[in-house]
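Trainee: In our numbering, the protein residues as written are 104 to 545. All C-beta atoms in this analysis are idealised placements derived from N, C-alpha and C, irrespective of residue type, glycine included. Treat the numbers as computed from the prediction; the structure is a model and nothing was measured.
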Amino acid sequence: MEEFDVLVLGGGLAGVSAALRAAELGGSVCLIERDQVGQLGFQRRNALLMETCTIPPMSWEEYRKVLSLKTGRYSQSVMEKLNVAGVVVLEGEGKLASPTEINVQKDEGEYLLLKGKSVILAYGSEPRFSTTLPREDGVVISIDEVPQLTVLPEKVLVVGGGSFACEAAFGLHNRGCKVFLCNEQKDLFPQMDDDFNRAIESQFKEKKIKILPGKKLISIYKNGKELEITLEGGVKFSVNQIIISGDRLGAKENGLAKNLGVRLGEQKEILVDDTMLTSLPGVYAVGSITGELTSDTLSQEEGKVAGENAMGRKRQLNREWVPQIARLAPDVAYVGCSMKTAPQQGFHPVEGVFEEGFNGNENLYFSKRVGRYKIVADKRSRLVVGVQIISSQVADWIPLLLLLIKKGVTVNNLVNTISSEGTIISGLCEAARNCSRALKSL
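(1) Which runs of the beta strand (DSSP E) fall wholly inside the segment 257–323 and span at least 3 residues, in chain order?
(2) Should the segment 262–275 be called in touch with the segment 291–299, which here means at least 3 C-beta pairs below 8 angstroms?
(3) Give the range of the alpha helix (DSSP H) segment to which L383 is assigned.
(4) In chain order, what residues of the same chain lie with their CB nearer than 6 angstroms to the CB of N149, ignoring the 5 residues before and after it?
(5) Compute the distance between the beta-carbons of Q496 and D399, then report whether it is under 8 angstroms.
(6) My output table needs one value for L467: the three-state DSSP class, helix, strand or coil.
(7) Less than 8 angstroms separating the beta-carbons of L352 and K339?
(8) Taking the alpha carbon of I528 as the point to measure from, which residue in R540, C133, I493 and S544 has its own alpha carbon closest?
(9) Is the number of C-beta pairs between the segment 208–224 and the segment 379–389 that are closer than 8 angstroms three or more?
(10) With which residues is K325 paired in a DSSP beta bridge?
(11) Below 8 angstroms between beta carbons: does that hold for M442 and E405?
(12) To the nearest angstrom, how far is the alpha carbon of A480 from that of R430?
(13) Consult DSSP for C440 and reduce its assignment to one of helix, strand or coil.
(14) CB G336 to CB L152, shorter than 8 angstroms?
(15) In chain order, what residues of the same chain have a beta carbon less than 7 angstroms from the beta carbon of N300, not counting five sequence neighbours either side?
(16) The alpha helix (DSSP H) with Q403 in it runs from where to where?
(17) Can you tell me whether DSSP reads T573 as helix, strand or coil?
(18) Rounded to whole angstroms, how far is the Cβ of G197 from the Cβ of L112, which I believe are closer than 8 angstroms?
(19) Which first and last residues belong to the alpha helix (DSSP H) in which F450 is found?
(20) Indicate the three-state DSSP secondary structure (helix, strand or coil) for P230 in the structure shown.
(21) Which of the three DSSP states, helix, strand or coil, is assigned to T157?
(22) Buried or exposed for D240, going by 16 or more other Cβ atoms inside 10 Å?
(23) Would you list the one or two residues that DSSP bridges to F340?
(24) Please report the residue range of the beta strand (DSSP E) in which G489 lies.
(25) Mapping DSSP to helix, strand and coil, what is L363?
(26) What are the partner residues of L352, as DSSP defines its beta bridges?
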């Protein structure tokens, strides 16, 4: 029997992050994955949103080939990182055999029992379909299945909110589909304030993507190749396909974990605390296995938290300090508290908002530059406690802004920052200036 400090079952983004972090802390780590490392998650995240600036217009069939090629390259790069970190990667079907053991069936039929001081479960989840909207081949499918579609629908309904549903709607629109986006919640991004949600909805409406927030599905009638949809309030329209992007069901392997004492939720998802620990001591769970289709950044952070705790560190996950990014046009990003959530953290929030719009020459690179920036600060300390941005290329900035927040940047610090006009930081400085005025008026 081979023994390790940490066993990681599942090679998605959360599992890889957990393995790398545990290895960085000096642990001997084994990662078990039955498919290509990172394959499913990469395709789910990028099926419709590969970087188009380097890819010429192409058919969906050609696009899928490029996606497959990029998936292989991504998987290879992840394997190289794991090898450099000293993580042992074992290909095979792994199952939790005890709180400290994983039984692995290799392709040759051989079984291998591995022992670890800690175990991290990261083998993912299954799509959740409601009783009123059950899965049907080619008709009602999950977001996981988009990369396998041979033909994209002419008209499509995306069900769900947050970055995955919004990115799918945006990507399908870019591929020439007529898109409807339905979400039972009022806001597409519940973690963001109402004014930013309205701005995001406007962004979709400009592209003629029909947004249907706060609407429940009442009925579906199949009429030939079309689905006649009826929503609350008598809203009716027809589509060719429905794509579900929402909460997840626990994977079938969760039944084995339950038999060993791991507590499950109503949808058979694994329940964890803020340290990513399950109800079974020494066994952690990360990623969508906990019932949520987690973003890239959240998956990575959950993995790091679990990896550190598996190595004896004590760290809790604070979701508000995980930057969130949605690749729209322009991009959407937020980190820290909103005006809605700040009071729950003991803050007395004050906001400053700045909006820019520039309609220049259509041939200029910077034509149609737009941006919306919000600073949320604590009234008493003047510390910045949250940022919300709608602007191009926010991905490079939002982690740095989180670092500034953690370091205790104040509103006045941002107001006095030297910046080039038209940059993201200049927009945030203007938002901070408006926040400073609001603080002085109190």
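Mentor: So, to answer that:
(1) Fully enclosed beta strand (DSSP E) runs of 3 or longer: 258–262, 281–286 and 313–316.
(2) yes
(3) It is not in any alpha helix (DSSP H) - L383 carries neither H nor E in the DSSP assignment.
(4) none
(5) no
(6) Unreliable placement is indicated for L467, whose pLDDT of 41 sits below 50; the coordinate value is still reported in the next sentence. Under the three-state reduction of DSSP output, L467 falls in the coil class, being neither helix nor strand.
(7) no
(8) I493
(9) They touch, by the three-pair rule.
(10) L330
(11) no
(12) 26 angstroms
(13) coil
(14) no
(15) Within the same chain, N300 has close Cβ partners D290, L291 and F292.
(16) Its alpha helix (DSSP H) spans residues D399 to A413.
(17) No answer is possible for residue 573: it lies beyond the span of the chain, which begins at 104 and ends at 545.
(18) Between L112 and G197 the Cβ distance is about 5 angstroms, and since that is below 8 angstroms, they are a contact.
(19) Per DSSP, F450 belongs to no alpha helix (DSSP H) and is neither H nor E.
(20) Judged by DSSP in its simplified three-state form, P230 adopts strand.
(21) Confidence is the limiting factor: at T157 the pLDDT is only 46, short of 50, which leaves the residue's position unreliable, though a coordinate-based value still follows. Here T157 sits in helix by DSSP.
(22) exposed
(23) I332
(24) Annotation: the continuous beta strand (DSSP E) that includes G489 extends over V487 to S494.
(25) coil
(26) E229
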